[in-house]
Amino acid sequence: MLNEKNETKKILTIQDISCYGQCSITVALPIISAFGIETAVLPSAVLSTHTSGFSGYTCRDLTEDLPAIREHWEKERIYFDAIYTGYIGSMKQLDYIKEIIDSRLKPEGLVFVDPAMADNGEFYPAFNQEFADKMGELCKVGDYILPNTTEACYLLHKTWKPNFSKEEMLDIANELSDFTKRYVILKGDTHKENKLGTIVLDKNNPSSTKIVYNDKIDYISHGTGDVFASAFVGSSMIGKSPSKSAEIAGEFTKKAIEETVGDPNHKYGVKFEKVIPKLYDLL
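Written as structure tokens, this is what we have:
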């Protein structure tokens, strides 16, 4: 996407690199780039594999590298049109990330926060409620936050359950509006049979709240949240509305799952690469 000066939009994504396994930066970089957006990366950690379904993985924490990277970018006068955060490895990194946002985001830039820390009623390894409370502080500088229901419940100190009613989901979305500057994109509405819904709430206009539905596929895989968030960010950055971006992201994720179902050897993510050529049809 080009601006008035004929410059390509630049986005920075901050999350971990799993050398093997389709999640985080290895998902965000190709998907956002496919939208024609220049994508810079800032790894929060480097892991040999992702943390689901593998044991004995290595992890190199890059927390103390973040300030030096920010300082170098300041010297080089590098700025970004948007900053998108995903899996963050420690509470200290959350403070450093806020400094990067304050320093390197253009005045009219956007912040997308995917509070990737939990799913299916449980925290990911090494996370806890203290981390969730700290993540809530980062969410408050986000123009968009994209939690699933588990993450939403931890942010709100609520009890999670597998299925919330439509009214309960809308209540959660409204409560989450305290955790964002503008938009809540709440994933995981399951009250409609054979559909998966995403609630899109604009805190400046709550009456415009929409639920966007995509066909539900009974298949659980690591990394689908990253696929959705990355496609949502890309769609938003080329000017699609939040509800349209949620629709595109949901359909893109669904098609990636469809490409993966039936392959017993592919248990470390979804085959989103197969769907990138179809992205322009979705747009």
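Here this note's numbering is used: the first residue of the sequence shown is 1, the next is one more, and so on.
Glycine residues also receive a C-beta, built at the ideal position from the N, C-alpha and C atoms.
Beta-bridge partners assigned by DSSP to Ala-246: none are found. Taking all protein chains in view, the Cβ of Lys-255 is crowded by 16 or more other Cβ atoms within 10 Å, so the residue is classified as buried.
Distance between Val-212 and Val-200, taken at the CA atoms: about 7 Å. A contact is defined here as three or more CB-CB pairs under 8 Å, and the stretch 221-237 meets this definition with respect to the stretch 19-31. DSSP places Ser-241 in the coil class of the three-state scheme, outside both helix and strand.
Residue pairing from DSSP leaves Phe-54 without any beta-bridge partner. When C-beta atoms of the stretch 167-176 are compared with those of the stretch 187-201, three or more pairs fall below 8 Å, so the two segments count as touching. Using a Cβ-Cβ distance cut-off of 8 Å, the stretch 56-76 and the stretch 107-114 are not in contact, since fewer than three pairs of beta carbons, one from each stretch, lie closer than that value. Within a 10 Å sphere around the beta-carbon of Cys-153 sit 16 or more other beta-carbons, which makes this residue buried. Inclusion of Lys-187 and Asn-148 in the CB contact set at 8 Å is warranted, their separation being smaller than that value. Taken through DSSP and simplified to helix, strand or coil, Ala-118 comes out as strand.
Beta bridge pairing from DSSP links Glu-151 with no other residue.
Counted as a single uninterrupted DSSP element, the stretch harbouring Ser-165 is not any alpha helix (DSSP H), since DSSP gives it neither H nor E. Per the C-alpha coordinates, the member of Asn-265, Ser-55, Asp-81 and Ala-45 positioned closest to Gly-109 is Asp-81. Within 10 angstroms of the beta-carbon of Tyr-280 lie fewer than 16 other beta-carbons, which makes it exposed. For the pair Asn-214 and Ile-145, the Cα-to-Cα distance works out to about 20 Å. Within 10 angstroms of the beta-carbon of Glu-167 lie fewer than 16 other beta-carbons, which makes it exposed.
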